[in-house]
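S.K.: In this note's numbering, the protein residues as written are 16 to 100.
(1) Check the C-beta distance from residue 72 over to residue 35 and give it rounded, since I have them as a contact under 8 Å.
(2) What residue range does the beta strand (DSSP E) around residue 76 cover?
(3) Please report how far the alpha carbon of residue 89 lies from the alpha carbon of residue 81, in whole angstroms.
(4) Near residue 42, which residues of its chain fall below 6 Å by C-beta distance, leaving aside the five closest residues on each side in sequence?
(5) Once the 5 residues before and after residue 23 are set aside, which same chain residues still bring their CB inside 6 Å of it?
(6) Indicate the three-state DSSP secondary structure (helix, strand or coil) for residue 99 in the structure shown.
(7) Just reading off the beta strand (DSSP E) that residue 47 is part of, what are its end residues?
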């Protein structure tokens, strides 16, 4: 039996980025989403992506994308977003 089999777990996606100024003037440096997931197989299989859909979201600098399962970081990827040349 896998650790998560038959259990509900909280999967949190955490994005840290340089300050982004939204059209309403709000400045954000972090975005989080949480989902409760029931794992019948004992494994958690979710897709995670972040889309730079608006020009104001394209902010150069250091970014990180992380995923936590029940509060424990499972994935933490850091990268640098550069301006197109």
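Beta carbons: idealized from backbone N, C-alpha and C, even for Gly. Note that the structure is a prediction, hence the values are computed from the model and not measured.
M.R.: In short, the structure shows the following:
(1) Between residue 35 and residue 72 the Cβ distance is about 6 Å, and since that is below 8 Å, they are a contact.
(2) Here the beta strand (DSSP E) through residue 76 covers 76-84.
(3) One C-alpha to the other measures close to 8 Å.
(4) Excluding residues within five positions, the ones whose Cβ falls inside 6 Å are 34, 36.
(5) Around residue 23: 51, 53.
(6) Coil.
(7) Start and end: 42-54.
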